[in-house]
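Report on the structure given below.
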Amino acid sequence: RYIMDDLIQILTRYSRGYGVSLFMATQNIDDVEPYTDIIATSSALLLAMASPTHGYWSRLARYLNLSRKGIDRATKLNNQGECVMRMYPYEDPVFIYVDPLDA
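The working numbering numbers the first residue of the sequence shown as 679 and each following residue consecutively.
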């Protein structure tokens, strides 16, 4: 596990430095356990889609830099096409609208 932690840090650092995009889709931040802290803190872009579950946002709050007020706002975004994003080098989270594709 220790070697894998170092490998993930190296890959994310080099991917940003050389302009390589690293994209990962997951339903839940816990899907990347035991590497959640390394991946989430090393990512240049972290985007979380809306969920009405307070526990979901509480878990993501430290990675997205969400305040309590931000968590409350995020729980109200469900089914509105909005998400919360943290993008390097900005520390503050951004609420953005994602235009869903028409079927």
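Heads up, the beta-carbon is just placed ideally off N, CA and C, and yes, glycines get one too.
This one's a predicted model, so the numbers in the text were calculated from it and none came from an experiment.
Leaving out five residues on either side along the sequence, give the residues of the same chain with a beta carbon under 8 Å from the beta carbon of Ser-720.
Taken in chain order, the residues that qualify are Ile-686, Gln-687, Thr-690, Arg-691.
On a Cα-Cα basis, can you pick out the residue from Ala-718, Ile-716, Pro-712, Tyr-734 that is closest to Asn-756?
Tyr-734
Check the C-beta distance from Met-763 over to Leu-724 and give it rounded, since I have them as a contact under 8 Å.
7 Å
Classify Ala-722 as buried or exposed, calling it buried when 16 or more other Cβ atoms lie within 10 Å of its own Cβ.
Exposed, because fewer than 16 other Cβ atoms sit within 10 Å of the Cβ of Ala-722.
Taking 8 Å as the cut-off, decide whether the C-beta atoms of Pro-771 and Asn-743 are in contact.
In contact: Pro-771 and Asn-743 (Cβ atoms closer than 8 Å).
Could you tell me which uninterrupted beta strand (DSSP E) segments, each at least 3 residues in length, are contained entirely in the segment 685–739, listed from first to last along the chain?
Complete beta strand (DSSP E) runs here, min 3: 723–727.
Tell me which same chain residues have a C-beta within less than 7 Å of the C-beta of Ser-736, skipping the five on either side of it?
Ile-749
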